[in-house]
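Q:
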Amino acid sequence: MSRMPGRLKGNDLVCGTRMQELMLRAGALKDVDAVVMVHLSAVNDVAPPFMAVAKVRVRYTARASYVEGAPTCAVNALDAAVAAYTSAAAMHQHMRPR
């Protein structure tokens, strides 16, 4: 960002912490517009057990149906993908730490 003075407005912060939720609740980030978070560890781990790095392969398929014939028989792959994204985006509100 130092290479673009005046082009980006706001406050940014780079920090390494395991307690960002506590910092957020305490108001430590109230005047910060953007944060780059780094989760520190004492070990090198190629596949850490974080949900954010879990890979899932999903294949959506569709079945065409004419509107005049049987519109309720159509299987819309885009609707399925949107529903999956919306569910995954809302899931974090209900997940508890291990």
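Using this note's numbering, the letters of the sequence shown correspond one by one to residues 126 to 223. Note that beta-carbon positions come from the ideal geometry of N, C-alpha and C, so glycine has one too.
1) Any beta carbon of chain B sitting closer than 9 Å to that of LEU149?
2) Taking VAL183 as the reference, give the member of LEU203, MET144, ALA199 with the closest Cα.
3) For ARG184, does the three-state DSSP call read helix, strand or coil?
4) Quick one: what does DSSP say VAL224 is sitting in, helix, strand or coil?
5) Mapping the DSSP letters down to three states, classify ALA214 as helix, strand or coil.
A: The structure says:
1) No chain B appears in this structure, which consists of one protein chain only.
2) The candidate whose alpha carbon is nearest that of VAL183 is LEU203.
3) Reduced to three states, the DSSP call for ARG184 is coil.
4) This structure gives no information on residue 224, because the portion of the chain shown stretches from 126 to 223.
5) helix
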